[in-house]
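Numbering (the numbering used here), first residue to last: 4 to 253. The beta-carbon is built from N, C-alpha and C at its ideal position, and this holds for glycine as well. Note that the structure is predicted; figures quoted are calculated from it, not measured. Everything on this sheet refers to the single structure shown next.
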């Protein structure tokens with residue numbers, strides 16, 4: 004079942020001037036297990052594939068299965084059945100993750116370089132939101148924690164960082180999340196809240212350890228607390244910096 008709001012969003016996308024190619028709908032061509040997710044079903048009810056002026060290409064339902072099969076076999080990828088190719092942009096592959104088992108923070112729309120197809124970056128919650136963002140639609144679709152964290156870190160927005168760092172991040176986003184937590188710690192340390200700053204630093208170190216290669220966890224933990232100490236020192240929180248260094252046990 005496709006909800007009215009979802010159909011309206013899909014129709015608006017397909018009617019956008021920036022859509023340079025739109026193929027006729029190709030119903031009944033989906034050949035993966037189960038029904039297609041609502042976001043893709045809504046788009047495919049309007050068009051059997053799209054191309055945008057920026058080079059983004061959304062596959063039709065009959066292309067998804069063969070494209071996924073070829074890519075996973077060609078690159079020997081260990082994808083499960085919830086991951087499948089839905090498009091491409093420049094040298095990036097666009098992947099939809101349904102994450103029905105709840106193993107990957109709710110899934111979403113992922114981008115990965117064609118030469119690094121296990122290094123996903125989650126860029127949207129669904130295909131409609133992905134296309135709306137590419138088209139610059141307002142209001143903007145709900146952002147993923149990864150996108151929000153990056154923006155909030157660059158803007159040093161403590162309120163947004165505090166909220167978004169409490170949400171689950173997509174696997175592979177540990178370095179970005181660690182940086183966001185480090186920035187939050189810096190903001191809190193500069194404000195004189197050493198207790199909250201240390202919590203943020205510990206969160207940053209935790210992300211770094213999660214993303215460390217096997218056997219390098221202790222080294223990554225030590226590097227994380229050294230980084231936190233430098234940040235604390237830079238904003239004049241000398242006692243906090245010293246406390247961070249006491250946690251370096253490697």
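Annotation for residue 153: the continuous alpha helix (DSSP H) segment containing it runs 148 to 158. For residue 241, no beta strand (DSSP E) encloses it; the enclosing alpha helix (DSSP H) starts and ends at 241 to 248.
Where residue 227 is concerned, the enclosing alpha helix (DSSP H) starts and stops at 220 to 237.
Here residue 36 has 84 as same chain residues with Cβ atoms under 8 Å from its own Cβ, once five neighbours each way along the sequence are excluded. For the options 175, 172, 241, 168, the alpha carbon positioned closest to that of residue 205 is the one of 168.
Note on the stretch 68 to 129: whole beta strand (DSSP E) runs with a minimum of 3 residues are 86 to 92, 95 to 100, 111 to 116, 124 to 127, in chain order. In this chain, the beta strand (DSSP E) harbouring residue 25 covers 22 to 25. Of the residues assessed, residue 5 falls on the exposed side of the cut-off, its CB having fewer than 16 other CB atoms within 10 angstroms. Here the alpha carbon of residue 197 sits roughly 46 Å from the alpha carbon of residue 8.
Taken atom to atom, the span from the alpha-carbon of residue 142 to that of residue 136 is near 10 Å. The C-alpha of residue 234 lies about 8 Å from the C-alpha of residue 188.
Residue 148 sits buried, since 16 or more C-beta atoms from the chains shown fall within 10 Å of its C-beta. From the listed residues 154, 49, 112, the smallest Cα separation to residue 29 is found for 49. Residue 80 counts as exposed, since fewer than 16 other C-beta atoms from the protein chains shown sit within 10 angstroms of its C-beta.
The three-state reading of DSSP puts residue 53 in strand, counting E and B together. Annotated as distal: residue 246 and residue 236, with beta-carbon spacing of 8 Å or more. A distance below 8 Å separates the beta carbons of residue 251 and residue 229. Taking residue 65 as the centre and dropping the five residues before and after it, the same chain places the C-beta of 29, 32 closer than 7 Å to its C-beta, in chain order.
Residue state for residue 60 is assigned as strand, using DSSP reduced to three classes. Boundaries of the alpha helix (DSSP H) harbouring residue 180: 177 to 193, taken from the DSSP string.
Within a 10 Å sphere around the beta-carbon of residue 99 sit 16 or more other beta-carbons, which makes this residue buried.
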